[in-house]
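Student: Let me give you the structure first, and then I'll get to my questions.
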Amino acid sequence: MPTPAETEALLLSLRVAVWSVLGSLPLAIAIAWLLARTRFPGHALLNGILHIPLVVPPVVIGYLLLVFLGRRGPGGMFLENVFGITLGFTWQGAAIASAIVAFPLMLRAIRQSIEGVDRRLEQAARTLGASPANAFCTVTLPLIAPGVFAGMVLSFARSLGEFGATITFVSSIPGETRTLPLALYAAAQVPGGEAQATRLVVISITLAMIALIGSEWLARRTRHYSSGEP
Amino acid sequence: MIDVAFTHRQGSFSLDVNMQVPDSGVTGLFGTSGAGKSTVADAIAGLIRPDAGRIAIGETVLFDSARGVAVAPERRRIGYVFQEARLFPHMNVQANLHFGGRRRGAASPDTFEQVVGLLGLEPLLDRRTRHLSGGEAQRVAIGRALLSGPDLLIMDEPLSSLDQQRRDDVLPHLERLAADTGVPTVYITHSIEEIIRLADHLAVMANGTVLACGPIQDVMARPDLPVLTDRRDAGTILLTTVAGHFDDDHLSALRFGEHTLLVPRTDRAEGAPLALRILARDVSLALEPPQRSSVMNVLPGTVTGIHPRGDGHVDVSIDSGQIIRARITRRSADDLSLKVGLELYALVKSVAFAERDAFRRHAAGEE
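Below is the structure:
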């Protein structure tokens with residue numbers, strides 16, 4: 001059985017990943033729709049900026065977050081003074097770091113599935129009395145459900161494995177920001193920590209397997225629901 | 231009246247449309263592909279916004295560029311049947327049928343039953359849409375449009391994606407719809423057969439403009455519409471009444487004005503209205519009534535127009551109470567010294583009536 005410290009790291013990892021996925025999902029759907037269905041000045045630029053986390057080292061993202069959203073950063077001071085929210089060195093900060101690093105993965109999956117939906121179905125819905133929002137919710141959204149789900153799984157997996165941005169932005173505070181990868185790294189740094197590291201490796205792999213099997217099962221359910229057609 | 235008048239530019243293609251559609255019965259919108267028919271449908275339904283113009287159903291203005299009116303498609307109450315069925319793949323047939331009603335105030339159970347019965351959808355209700363054949367899917371799409379409570383139904387070549395057998399499967403349903411639902415319909419097609427079976431009114435489009443619009447027999451009788459007259463099966467339409475049957479000879483007598491026509495036995499009751507299509511190539515002309523000829527139908531009339539064609543033929547319009555057209559060779563026309571005002575006889579071979587698609591109902595209200 002995992003020790004209390006291990007359980008803590010496991011639960012923290014799950015909490016950070018879940019919040020990171022759920023928090024970024026509405027934004028990802030909205031932006032994916034914008035990119036897939038509209039053309040506006042700066043379309044390519046926005047698309048490029050959103051893909052930066054995919055191509056730069058996560059440490060760069062973590063450092064930028066530290067500069068802008070850390071306690072001394074302009075964004076961090078604004079959040080602290082106006083809303084009383086602190087992101088630096090908190091698990092919420094870890095969730096934000098994860099969300100940003102995983103965002104392009106979720107965005108790409110959702111955008112591709114929106115592009116796969118026949119717009120003529122949405123037109124048909126409009127002629128049958130559905131407003132654009134209603135057509136999106138009752139026709140488009142159910143049809144892209146498998147893509148949305150795939151995006152969530154990718155993003156969740158990326159969040160569980162997040163290391164560089166997290167340790168740079170919120171450090172590795174046991175119980176607050178020390179997720180499984182960070183705990184593993186900490187154990188590996190200590191002389192004689194091999195046994196501890198091995199246990200964390202087993203926990204990580206078990207968690208990943210459970211998540212994979214679970215997502216496969218859910219994906220089948222979702223595909224059945226939206227009846228196979230993109 | 232449904233007024234459709236607008237201009238619209240789409241890339242290098244520009245439309246200048248002006249037509250009035252009666253607010254009952256079926257109006258055929260006929261034209262070759264690329265004439266702009268679907269763009270007209272999209273403009274009426276609100277799926278495209280024309281550059282300028284006005285579209286109104288009776289008093290209800292749907293689009294008026296001068297007053298800045300452009301009603302959103304979901305508020306227009308236009309039932310639109312597309313070339314492809316466009317059913318929602320994540321819903322079964324029943325949910326597809328209810329989609330419009332849920333959003334526009336559900337159709338009464340009676341209406342639902344009526345539409346389902348009319349289109350033969352009963353056995354399909356619980357099916358998933360991907361398990362439907364093309365003809366079944368198109369019938370569901372028609373039902374879905376009808377059940378959204380439309381003020382106007384637009385069908386954009388609903389049969390064009392189907393093979394001949396499926397067409398024959400759907401067409402009778404369309405004929406019954408036209409008669410039974412009372413929803414004014416614009417039926418877009420490039421098939422003259424479908425027009426003749428379904429439409430009471432006809433609008434003819436070419437190159438982005440409406441060339442003619444009016445009662446079908448008037449438009450079909452016009453000699454100046456190449457999309458109609460350049461066809462091998464060019465002809466006119468006669469509105470007649472069944473006068474009686476001769477069962478031994480397998481013939482029926484039809485009356486129009488003071489004339490009687492003998493045609494292959496029809497199963498229409500005596501007194502029923504019946505429209506006929508007479509192909510110009512099946513009509514020949516004589517200056518005197520032929521003696522002892524096998525041609526049964528000889529109609530006296532007056533030449534009202536002579537229209538030379540490029541291919542050595544001449545189209546002759548004859549007023550015999552209604553307009554009949556004969557396509558004869560130029561040499562025959564010269565031999566007969568045809569001129570406008572000449573009285574002569576139009577000889578109509580009975581076989582011209584034998585085509586199944588020659589029988590067409592009158593406007594639903596007259597039946």
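These protein sequences, in sequence, are chains A and D. Anchor point for the first sequence: position 77 equals 77 in this note's numbering, and the numbering is continuous, going up by one each time. Anchor point for the second sequence: position 68 equals 298 in this note's numbering, and the numbering is continuous, going up by one each time. By construction, the Cβ of each residue, glycine as well, lies at the ideal position given by its N, Cα and C atoms.
1) Residues of chain A with a CB under 8 Å from the CB of I308(D): which are they?
2) Give the range of the alpha helix (DSSP H) segment to which H51(A) is assigned.
3) Return no unless some Cβ of chain D is closer than 8 Å to the Cβ of L143(A).
4) Just to confirm the assignment, what range does the beta strand (DSSP E) spanning N527(D) have?
5) Indicate whether F103(A) and A28(A) have their beta-carbon atoms separated by less than 8 Å.
6) Kindly indicate which three-state DSSP category A584(D) falls into: helix, strand or coil?
7) Taking 8 Å as the threshold (C-beta atoms), are L200(A) and A183(A) in contact?
8) So the candidates are A130(A), P142(A), L207(A); which of them puts its Cα closest to the Cα of P181(A)?
9) Apply the 10 Å Cβ neighbour rule to H43(A) and answer buried if 16 or more other Cβ atoms are within range, or exposed otherwise.
10) How should R239(D) be labelled, buried or exposed, when 16 other C-beta atoms within 10 angstroms of its C-beta is the threshold for buried?
11) Would you mind reading off the limits of the alpha helix (DSSP H) that contains S155(A)?
12) Taking the alpha carbon of P528(D) as the reference point, which residue from S547(D), L492(D), D497(D) has its own alpha carbon closest?
13) Closest Cβ-Cβ distance between S113(A) and chain D: below 8 Å?
14) For R334(D), go through chain A and note every residue whose CB falls closer than 9 Å to its CB, in chain order.
15) If contacts are defined as beta-carbon pairs under 8 Å, then G364(D) and S391(D) qualify, I think. What distance do you get, rounded to the angstrom?
16) H475(D) by DSSP, collapsed to three states: which one?
17) Nearest-angstrom Cα distance between R507(D) and T222(A)?
18) Buried or exposed: N81(A), going by 16 or more other Cβ atoms within 10 Å of its Cβ?
19) Is the CB-CB distance between V449(D) and M249(D) below 8 Å?
20) In angstroms, rounded to a whole number, what distance separates the CA positions of R397(D) and V299(D)?
21) Please classify S13(A) as buried or exposed, where buried requires at least 16 neighbouring CB atoms within 10 angstroms.
22) Please list, in chain order, all residues of the same chain as A161(A) whose beta carbon is under 7 Å from its beta carbon, the five residues on each side excluded.
23) How is the beta strand (DSSP E) around G557(D) delimited, first residue to last?
24) Quick check on the burial criterion: 16 or more other C-beta atoms within 10 angstroms. Buried or exposed for R297(D)?
25) Taking C-beta pairs closer than 7 Å, name the residues in chain A that P303(D) reaches, listed in chain order.
26) Applying a beta-carbon distance threshold of less than 9 Å, which residues of chain D neighbour L121(A)?
Tutor: In short, the structure shows the following:
1) Numbered from its first residue, the second sequence carries residue 308(D) at position 78. Result: T127.
2) Taking the first sequence and counting its residues from 1, one reaches residue 51(A) at position 51. It spans 43-55 - the alpha helix (DSSP H) in which H51(A) sits, taken as one unbroken run.
3) Numbered from 1 along the first sequence, position 143 holds the residue referred to as residue 143(A). The beta-carbon of L143(A) is placed less than 8 Å from the nearest beta-carbon of chain D.
4) As a working note, residue 527(D) is residue 297 in the second sequence. DSSP places N527(D) inside the beta strand (DSSP E), whose first and last residues are 527-538.
5) Residue mapping note: residue 103(A) aligns to position 103 of the first sequence, counting from 1. Residue mapping note: residue 28(A) aligns to position 28 of the first sequence, counting from 1. Contact annotation: F103(A) and A28(A) have beta-carbon atoms nearer than 8 Å.
6) Residue numbering aside, residue 584(D) sits at position 354 when the second sequence is read from its first letter. Only weak support is given to the placement of A584(D): the predicted model assigns it a pLDDT of 33, under 50, and the question is left unresolved by the model.
7) Here residue 183(A) corresponds to residue number 183 of the first sequence, with the count starting at 1. Here residue 200(A) corresponds to residue number 200 of the first sequence, with the count starting at 1. Contact: yes.
8) To locate residue 181(A), count along the first sequence from 1; it is residue 181. Nearest Cα to P181(A) within the set A130(A), P142(A), L207(A): L207(A).
9) Along the first sequence, read from residue 1 onward, the residue named residue 43(A) stands at position 43. Result: exposed.
10) Locating residue 239(D) in the second sequence gives position 9, where the first residue counts as 1. Answer is exposed; the Cβ neighbour count stays below 16.
11) In the first sequence, counting from the first residue as 1, residue 155(A) sits at position 155. Note, S155(A): alpha helix (DSSP H), 141-161.
12) On the second sequence, position 298 is the one that residue 528(D) refers to. What sits at residue 528(D) in the sequence shown is Val, not Pro. Checking every option, the nearest Cα to that of V528(D) belongs to L492(D).
13) Taking the first sequence and counting its residues from 1, one reaches residue 113(A) at position 113. So, not an interface residue.
14) Within the second sequence, residue 334(D) is the residue found at index 104, counting from 1. Those within 9 Å of R334(D) in chain A are L128, G129.
15) Stepping through the second sequence from its first residue, residue 364(D) is reached at position 134. Stepping through the second sequence from its first residue, residue 391(D) is reached at position 161. Distance from G364(D) to S391(D) at the Cβ level is roughly 6 Å; contact confirmed, criterion being Cβ atoms closer than 8 Å.
16) Sequence index remark: in the second sequence, residue 475(D) carries index 245 (1-based). In this structure, H475(D) counts as strand in the three-state DSSP scheme.
17) For this step, residue 507(D) is matched to residue 277 along the second sequence. For this step, residue 222(A) is matched to residue 222 along the first sequence. Near 55 Å, if we compare the C-alpha coordinates of T222(A) and R507(D).
18) The residue labelled residue 81(A) in the question sits at position 81 within the first sequence. With fewer than 16 other beta carbons inside 10 angstroms of its own, N81(A) counts as exposed.
19) Translated into the one-based positions of the second sequence, residue 449(D) becomes position 219. Translated into the one-based positions of the second sequence, residue 249(D) becomes position 19. Not a contact, by the Cβ cut-off of 8 Å.
20) Stepping through the second sequence from its first residue, residue 397(D) is reached at position 167. Stepping through the second sequence from its first residue, residue 299(D) is reached at position 69. CA-CA distance, R397(D) to V299(D), rounds to 39 Å.
21) Position 13 of the first sequence, counted from the first residue, corresponds to residue 13(A). Within a 10 Å sphere around the beta-carbon of S13(A) sit 16 or more other beta-carbons, which makes this residue buried.
22) Counting from 1 along the first sequence, the entry for residue 161(A) is found at position 161. One detail in the question is off: residue 161(A) reads as Gly in this sequence, not Ala. So the list reads P181, once near-sequence residues are dropped.
23) In the second sequence, residue 557(D) corresponds to position 327, counting from 1. It is Arg, not Gly, that sits at residue 557(D) in the sequence shown. Annotation for R557(D): the continuous beta strand (DSSP E) segment containing it runs 553-559.
24) Your numbering for residue 297(D) matches position 67 in the second sequence. In this structure R297(D) is exposed. Its beta-carbon is surrounded by fewer than 16 other beta-carbon atoms within 10 angstroms.
25) The sequence position of residue 303(D) within the second sequence is 73, counting from 1. R126, T127, listed in chain order.
26) Along the first sequence, read from residue 1 onward, the residue named residue 121(A) stands at position 121. Against chain D, a Cβ distance below 9 Å from L121(A) picks out R316, L317, F318, P319.
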